[in-house]
């Protein structure tokens with residue numbers, strides 16, 4: 001009688017990919033999807049701003065799979081172009097938040113003392129000003145537009161990045177290898193750049209992913225209010241603002257930009273959560 | 001406790017002062033002449049001069065800041081250019097609409113999120129838990145103003161419920177209509193807020209339930225009900241309270257945006273009108289008032305946290 005055990009294949013170790021946290025895998029998949037939307041938008045021959053006589057077409061219309069808006073513009077092309085806009089705004093805003101926050105957080109954590117206290121109070125004050133308030137101020141000074149909204153979202157993200165960086169520096173600073181570096185005669189700048197920074201990158205990457213999700217939501221809200229991307233450029237928030245006025249005629253120009261926002265925000269949130277689990281040594285098996 | 005309260009109060013005051021500096025300083029960055037920007041290119045020199053005098057532009061910035069700050073401390077935020085009325089009066093009138101939405105949403109969100117969060121934590125891993133988690137995730141990733149738009153479509157266009165789609169012109173003079181106009185906005189903001197809170201409550205209860213003192217309480221034969229309500233929930237409340245302050249800020253901002261969806265003349269529409277009319281003093285006033293609310297709420301939460309948790313160090 002052949003042995004059952006001999007017939008079964010040796011159990012294979014799950015691949016590296018399969019061992020990653022589920023949230024990380026789903027998040028990465030959704031972000032690839034958004035990147036494909038951007039690629040499709042650049043390859044798409046349909047101009048997202050081109051008007052056609054075929055107004056308020058329902059979904060599955062030939063040539064307009066997601067229908068058209070009140071000016072006959074292709075909803076699919078506009079949603080795809082909106083992805084490009086969302087990624088662009090997110091990248092710049094997170095870039096501002098990360099660079100300013102990292103600089104302030106590292107300085108506060110590394111030097112401590114009065115510098116730390118002053119920076120902490122300043123950052124706490126900035127916490128009381130959400131992106132919308134900063135955007136209102138900037139829109140009053142300059143004209144409302146994509147630049148003011150990116151700067152506002154970026155500035156609002158600074159305190160969170162600074163907090164993460166400061167906490168990271170504080171935990172690394174006490175370790176013996178920093179003392180060793182100092183004993184070898186290394187300067188503060190070199191220690192920060194070569195020995196502190198590489199060891200606090202993990203939490204910052206997690207924060208960047210979560211901040212990206214917040215930035216996409218904030219950009220949509222600002223554009224919806226008319227404080228962000230200006231017409232005719234397609235932005236998911238802007239599309240919702242325009243489609244609201246004829247919502248009772250057709251719901252599709254409202255439905256799809258909203259779903260796109262949800263998809264992108266979900267992707268970056270899951271990626272951030274998954275990365276946090278992955279980078280946390282206590283949760284890694 | 002007294003020293004802690006005092007220190008926290010001082011910190012809030014410094015934060016508020018920094019906010020006034022930022023709000024005032026921002027307007028110094030306006031390129032060119034603000035009076036020209038407000039009146040446009042057709043303005044006569046006499047009009048320009050009059051407006052400049054009214055805005056105090058003929059005085060140096062520090063003097064303007066001190067007199068503005070003095071006014072702010074007395075509750076005088078200056079005159080609105082667009083409405084030609086005291087800014088404080090305008091903001092108080094709009095707060096009469098925005099604040100009820102904020103408070104009602106926070107209440108509804110808590111009523112929804114606390115029991116659901118506890119239920120999900122007790123039945124962790126069950127289909128109920130999964131359902132609550134998926135619903136809350138949806139509420140977090142979908143923008144609240146889009147959810148509001150979908151509610152208009154579902155409840156008013158589709159189901160034809162007799163709900164008004166705008167706030168009555170007379171405001172609260174017609175309380176029934178005004179309340180009816182606030183149903184969907186409150187539901188929209190509350191659902192967004194509850195989605196966030198429910199995750200927090202669930203996580204917090206789960207964390208507490210896994211601790212040693214809960215095992216001890218069970219081991220000494222206490223009823224599960226007593227373990228949950230007397231031992232677990234009191235401890236699980238702490239992290240939830242901490243985040244409530246931050247949640248208040250995002251709820252206030254969400255309300256400002258959702259107001260626009262439902263055509264409600266609250267702080268949101270006031271600030272947008274101020275921007276489009278280039279009414280700088282009004283923009284300053286609205287931003288300062290919202291920031292002050294956020295600072296005060298954070299202060300309250302910190303003090304409450306100190307009261308709730310004897311372990312918080314007051315040193």
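Residue numbers (UniProt numbering), protein chains in the order written: chain X, 1 to 285; chain V, 1 to 315. Built from N, CA and C at the ideal position, the CB exists for glycine as well.
- When CB distances to chain X are screened at a threshold of 7 angstroms, the residues of the stretch 287-310 of chain V falling below it are 287, 290, 291, 294, 295, in chain order.
- Bridge partners of residue 74 of chain X according to DSSP: X/68.
- By the C-beta criterion, the stretch 151-160 of chain X is judged to be in contact with the stretch 77-93 of chain X, since at least 3 inter-stretch pairs fall below 8 angstroms.
- Here residue 197 of chain X is actually not in contact with residue 161 of chain X; their C-beta atoms are around 13 angstroms apart, not less than 8 angstroms.
- DSSP, read as helix, strand or coil, puts residue 232 of chain X in coil.
- Residue 227 of chain X is not a Cβ neighbour of residue 272 of chain X, given a cutoff of 8 angstroms.
- Interface residue (Cβ-Cβ distance to chain V less than 8 angstroms): residue 244 of chain X is classified as such.
- Residue 178 of chain X sits buried, since 16 or more C-beta atoms from the chains shown fall within 10 Å of its C-beta.
- About 31 angstroms separates the Cβ atoms of residue 270 of chain V and residue 8 of chain V, ruling out a contact at the 8 angstroms cut-off.
- Three or more beta-carbon pairs separated by less than 8 angstroms are not found between the stretch 243-251 of chain V and the stretch 98-117 of chain X, which leaves the two stretches without contact.
- Using a CB distance below 8 angstroms, no part of the stretch 19-51 of chain X faces chain V.
- The Cβ-Cβ distance between residue 97 of chain X and residue 165 of chain X does not fall below 8 angstroms.
- Distances from the CA of residue 197 of chain V to each of V/246, V/142, V/149 were compared; the closest alpha carbon is that of V/246.
- Residue 61 of chain X is bridged by DSSP to X/64.
- Annotated three-state conformation of residue 86 of chain V is strand, per DSSP.
- Contact of residue 144 of chain X with chain V by beta-carbon distance below 7 angstroms involves 275.
- Taken in chain order, the stretch 77-107 of chain X contains no complete alpha helix (DSSP H) segment of 4 residues or longer.
- For residue 36 of chain V, no pairing in a beta bridge is given by DSSP.
- Out of V/243, V/244, V/240, V/205, the CA that lies nearest to the CA of residue 230 of chain V is found in V/205.
- Taking C-beta atoms under 8 angstroms as the contact rule, residue 234 of chain X and residue 48 of chain X qualify, at a distance of about 5 angstroms.
- Under the three-state reduction of DSSP, residue 79 of chain V is assigned to strand.
- DSSP places residue 112 of chain X outside both helix and strand once states are collapsed to three, so it counts as coil.
- Taking a cut-off of 8 angstroms for Cβ pairs, the stretch 259-273 of chain V and the stretch 155-172 of chain V touch, as three or more such pairs fall below it.
- Between the C-alpha atoms of residue 129 of chain X and residue 24 of chain V there is a straight-line separation of about 14 angstroms.
- Across the stretch 130-144 of chain X, CB contacts with chain V closer than 9 angstroms involve 130, 131, 132, 133, 134, 136, 137, 138, 139, 140, 141, 142, 144, in sequence order along the chain.
- Here DSSP, grouped into helix, strand and coil, assigns residue 186 of chain X to coil.
- Residue 271 of chain V reaches chain X at 136, counting residues in chain order whose Cβ is nearer than 7 angstroms.
- Rounded to whole angstroms, the separation of the alpha carbons of residue 135 of chain V and residue 236 of chain V is 22 angstroms.
- Less than 8 angstroms separates the beta-carbon of residue 217 of chain X from that of residue 265 of chain X.
- Cβ contact annotation for residue 20 of chain V (same chain, cutoff 7 angstroms, sequence separation greater than five): 69, 72, 288, in chain order.
- Contact annotation for residue 261 of chain X against chain V: 141, 142, 143, 146 [CB-CB distance below 9 angstroms, chain order].
- The beta carbon of residue 244 of chain V lies closer than 7 angstroms to those of 301 in the same chain, with the five residues before and after it left out.
- For residue 255 of chain V, the closest Cβ of chain X is not nearer than 8 angstroms.
- In the structure shown, residue 42 of chain V falls within a coil segment according to DSSP collapsed to helix, strand and coil.
- Within the stretch 264-280 of chain X, those residues whose Cβ lies closer than 7 angstroms to any Cβ of chain V are, in chain order, 265, 266, 269.
- For residue 175 of chain V, the enclosing alpha helix (DSSP H) starts and ends at 175-209.
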